[in-house]
Structure formats: C-alpha cells, structure tokens
Amino acid sequence: MGREMGQKFHAFMFPWFAFGHMTPYVHLANKLAEKGHRVTFLLPKKAKKQLEHLNLFPDSIVFHPITIPHVDGLPAGAETPSDIPVTLWRFLSTAMDLTRDQVEAAVRALRPDIILFDLAYWITEVAKEHGIKSMLYNVISATSIAHDLVPGGELGVPPPGYPSSTLLFRRHDAHALLSFAVYYKRFYYRVTTGLTNCDFISIRTCKEIEGKFCDYIGRQYQKKVLLTGPMLPEPDKSKPLEDKWNNLLSGFEPGSVVYCALGSQITLEKDQFQELCLGLELTGLPFFVAVTPPKGAKTIQEALPEDFEERVKGRGVVWGEWVQQPLILAHPSVGCFVSHCGFGSMWESLMSDCQIVLLPYLADQVLNTRLLTDELEVSVEVPREKTGWFSKENLRAAVTSVMDKDSDIGNLVRRNHSKLKEVVVSPGLLTGYTDNFVVTLENLLKETNLA
12 MGREMGQKFH AFMFPWFAFG HMTPYVHLAN KLAEKGHRVT FLLPKKAKKQ LEHLNLFPDS
72 IVFHPITIPH VDGLPAGAET PSDIPVTLWR FLSTAMDLTR DQVEAAVRAL RPDIILFDLA
132 YWITEVAKEH GIKSMLYNVI SATSIAHDLV PGGELGVPPP GYPSSTLLFR RHDAHALLSF
192 AVYYKRFYYR VTTGLTNCDF ISIRTCKEIE GKFCDYIGRQ YQKKVLLTGP MLPEPDKSKP
252 LEDKWNNLLS GFEPGSVVYC ALGSQITLEK DQFQELCLGL ELTGLPFFVA VTPPKGAKTI
312 QEALPEDFEE RVKGRGVVWG EWVQQPLILA HPSVGCFVSH CGFGSMWESL MSDCQIVLLP
372 YLADQVLNTR LLTDELEVSV EVPREKTGWF SKENLRAAVT SVMDKDSDIG NLVRRNHSKL
432 KEVVVSPGLL TGYTDNFVVT LENLLKETNL A
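Residue numbers (our numbering): 12 to 462.
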C-alpha cells in the first residue's frame, strides 16, 4: 500500500447520483489528474454517458459504472434524482446503499489511497476495513452545513455558537423547510455520520465568501477542513452561444435584459409559473425565462397566461429546455439574473456582471440567498407570503429595484457585487485554492503513510 515520497496517489470518487453533485466531483477529478494523480469515478451507467465530455484526462480518470439495484418503489431505469420526483429520492438513496458490495469489490481490486464521498456515509467503514483514507467532499454551501448539519442540530434552528445573526430561516420560509423536512432526518443522519467518521472534510467554497462557516464546521467536528474553491468549469470557448439566442439578446440595449432560471430540480405549480411570467412582463424590460414546464403541463406554451405571447412579442421569451447559462450571463445585453440560488447558480451569479434577484425554493437555497442578500449585500430577495407564494407585484418590485439607475438599493448591491467579483475573479485566486487543496492532500496522505 505505502507510496514512496512524492509518488502520485489514486483517489476513488463516489458522490450522490445527482448531476449537481457529480459534476463538481468531475471538475475536481480533472484538477487531481492535471497534477498527475489517478481517479476512479464510480457512477451510474447512464450518468457516465452524460458526464464523459467533462473528463479532460481520460487516461487518468476512469469512469467505473455501477449497476443500480432494484428497489421496490423506484421506477425501473431510474438512476439519478432528475429521473424521479423528490418524493421518490429516498428509494434512490436506498439503492445507493445497496451498491456497497460493488464499491467494495472495486476497492479490493484497485486499491485506492483515498475515497471522496458525500451521502454514502458507510464509505468510512469500507475505507477503514481496507486501510485507506476517506474524505467527505461537500458540494453544498458551508452555510447550509453549519446551520443544519452539525451534531445535535435541529432543522431550521441555528445551532449553539452559529456564526451569524442574519443568516437564518424566517417565518415565511416554512414552505422551503416543509419540502426539506420530508427527507431531512435521513439526510442529516447521512451527512453528520459521514462528517463524524471521515478522516478529512473538504468543501467546495472559498473563505472570502464563507470563511466563518468553514471555521465553525471545523470546530464542531474537530477536523481539518480543506477548501477547493467553487470548482466551476473552464468556460467552453469552443461552443459559442447558439445563434438564435445570440441574435435575440443582441437586439436589446446593453445590460437591459432580465434572465430568469430556477434550476433543473424546480418544477413550479402552474399558477406560480404564470405569476413569474406576469411579474417579468410588468417590469417593462426585455426578458428571457428558462424553466421546466410547470406541473401538469407537457409544454411551456400550453401553460402561459392568456394572450401573454402576443403582449410580449419581440420583448420576452419563455423557454422550456436546456440553455447555455454561463454564456447567457456573459452576454453584454443581460443585466439581471433572477435565480433560485442553488449553490452552482450562486457562484455563476457572483462571477457575472449581472444584478442578482433571488427566488429560493429549497432549504439550502434559502440560506444561500440570505448569505448573498443579508451578509454580503450583493442581491435582493423576492419577498414571499407566509404560504410561500410570491406575487407578480413583488417580483416586479424586486427586479425594478436593482435595474432602476436611481435606486439606492440597486446601486448598493451593484457596488458590493462589483467589489466581491473583483476578489473572486482575481487572477490566481481560484487556481490557488485547487493547487493548495491538491498539495495539502498529497502531504496528508504522505504523513499517514509514514505514520
């Protein structure tokens, strides 16, 4: 087992089967491979096809397909959370646990030095049995872990010593907590057990944004916390923005278009979808909405408000399929990003020049929203009613408040965002994080092998 000084290591990666988890793991695998290390990436067969194009080092990173076993309640052929509604995710996590024998067989055959994982808490036991190290690599925000996933925690209640008085849940967040409560206990058990038993903790963030939350997690678990930075992909220069979108956006003034996207996990109720469309219409600004068709609708068209298309013709587009989000955000005509504040979109918004308006749905998105709105003061949040409902008037008011040149709040968040963006995109900051992460990991593995 013992590696010589300076010898390269072999890492296994086994993230939760959601694309939002697997994708940052692939980006990290690329960074390890770039430094000469080997990675075996365990993932469902279907996901392999969808992620292969992200593998920049196919000689060093091997995708090792895992067969998802049959579980009662899990539809045949379902391999990732995007194949099924949230209510069935628990069956997929059960299926993940049933892959343990396949994971152990791969560990025995390939003898890695370390396994990186997130929700498969039993990986720590497999690692110990085979004399190898384990690292829980978190791809959700440090803020969410600090608030909801520390020992003795309770959903929605800040734990003792929590390092913020503003970054909290509020009364009108009940809707987001309710959707999380369904699987919180299982999720809490998985993550806290993994964090307690792993050898090292790492988080996909940087201290400039979440430093005090990372320190708090380190104290709670009495472990070293390594940061990888946000693990964003290199912008794909080979594929320009599709002509139809480029032509559409180029027809508007610089910085005038409102772009709205709520992530692939969010499917709106039809009435909220219509309210979203009407709220953007009320702004009087050009807009581009990219969301999945609402519940009960096969297409976007059939769910649009009456006469909506005629009224916004030439000014607004609602699209129900995938778009090249980073390229849209980088387009000079786009000036505002209305987002659910998932962790990936949060980083994309910070790296952009757009004004940021947030409409969170899930519990972690609410905390990410408070981080940007109340701690960092770089965004505004769309207010909601107690029921979780947002009105078209509130959406319009939030967008107008950041897009109006004379608005105090608009100018404040623009200044703060601009300063923070300068830090985050400063040359070497993000590569510094990944370089430092790899060197620290090399040294930790070297020390444990010498011990």
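Note that the Cβ used here is the ideal one computed from N, Cα and C, for glycine as well.
Using 8 Å as the Cβ pair cut-off and three pairs as the minimum, do the segment 255–271 and the segment 297–306 touch?
With a cut-off of 8 Å, the segment 297–306 and the segment 255–271 count as touching, because enough Cβ pairs lie within range.
Within 10 angstroms of the Cβ of Val-424, are there 16 or more other Cβ atoms? Answer buried if so, exposed if not.
The residue is buried, with at least 16 neighbouring Cβ atoms inside 10 Å.
Which whole-angstrom value describes the C-beta separation of Leu-103 and Phe-28, a residue pair presumed to lie in contact below a C-beta threshold of 8 Å?
With a Cβ gap of about 7 Å, Leu-103 and Phe-28 count as contacting.
At 4 residues or longer, what runs of the alpha helix (DSSP H) sit wholly inside the segment 265–337?
Those alpha helix (DSSP H) runs which fall completely within the segment 265–337 and span 4+ residues are 281–293, 319–323.
Taking buried to mean at least 16 other C-beta atoms within 10 Å of its own C-beta, is Val-377 buried or exposed?
Classification of Val-377: buried, given that the 10 Å Cβ count is 16 or more.
With DSSP run on the structure shown, which of helix, strand or coil describes Glu-388?
In the structure shown, Glu-388 sits in coil (DSSP, three-state: anything other than H, G, I, E or B).
State the DSSP-derived secondary structure class of Asn-149, mapped to helix, strand or coil.
Reduced to three states, the DSSP call for Asn-149 is strand.
Residue ranges of each alpha helix (DSSP H) run of no fewer than 4 residues wholly in the segment 18–87, ordered along the chain?
If we require 4 residues or more, the alpha helix (DSSP H) runs fully inside the segment 18–87 come out as 30–45, 56–62.
Using 8 Å as the cut-off, can you tell me whether the segment 148–164 makes contact with the segment 223–231, which would need three or more C-beta pairs spanning the two stretches below that distance?
At 8 Å Cβ cutoff, the stretches touch.
So Ser-213 is in the alpha helix (DSSP H); what residue range does that whole segment cover?
Ser-213 -> not in any alpha helix (DSSP H); beta strand (DSSP E) instead, spanning 211–214.
Pull up the DSSP beta-bridge partners for Glu-165, would you.
Its beta-bridge partners are Val-168.
Does the segment 142–153 touch the segment 113–130, meaning 3 or more C-beta pairs lie closer than 8 Å?
They touch, by the three-pair rule.
Comparing C-alpha positions only, which one of Gly-439, Met-107, Asp-318 sits nearest to Val-82?
Of the listed residues, the one whose Cα sits closest to Val-82 is Met-107.
Taking C-beta to C-beta, are Phe-23 and Leu-237 nearer than 8 Å?
No, the Cβ-Cβ distance between Phe-23 and Leu-237 is not below 8 Å.
Is it a yes or a no for the segment 280–294 touching the segment 302–316, going by three-plus beta-carbon pairs under 8 Å?
Yes: at least three Cβ pairs fall under 8 Å.
Should His-428 be labelled buried (16 or more other beta-carbon atoms within 10 Å of its own) or exposed?
Counting Cβ neighbours within 10 Å, His-428 comes out buried, since at least 16 surround it.
The alpha helix (DSSP H) spanning Gly-421 covers which residue range?
Segment 419–435, the alpha helix (DSSP H) holding Gly-421.
Among the candidates Ala-131, Ile-311, Pro-337, Pro-316, whose CA atom is the shortest distance from the CA of Pro-251?
Cα-wise, what sits closest to Pro-251 is Pro-337.
Of the choices Pro-26, Ile-151, His-342, whose alpha-carbon is the least far from that of Phe-263?
Ranking the options by Cα distance to Phe-263, first place goes to His-342.
Assuming Arg-201 and Thr-239 make a contact with CB atoms under 8 Å, what is their CB distance in whole Å?
That belief does not hold up - the Cβ atoms of Arg-201 and Thr-239 are roughly 21 Å apart, past 8 Å.
Within a Cβ cutoff of 6 Å, which residues of the same chain sit near Gly-290, ignoring the five residues on either side of it in sequence?
The residues are Lys-403, Leu-406, Arg-407.
Let me know the secondary structure DSSP gives Gly-13 once reduced to three states.
With a pLDDT of 46 at Gly-13, under the threshold of 50, the predicted position of this residue should be treated as unreliable, though the coordinate-derived value follows. Note: Gly-13 maps to coil in three-state DSSP.
Please classify Lys-250: does DSSP put it in a helix, a strand, or coil?
Coil, per DSSP.
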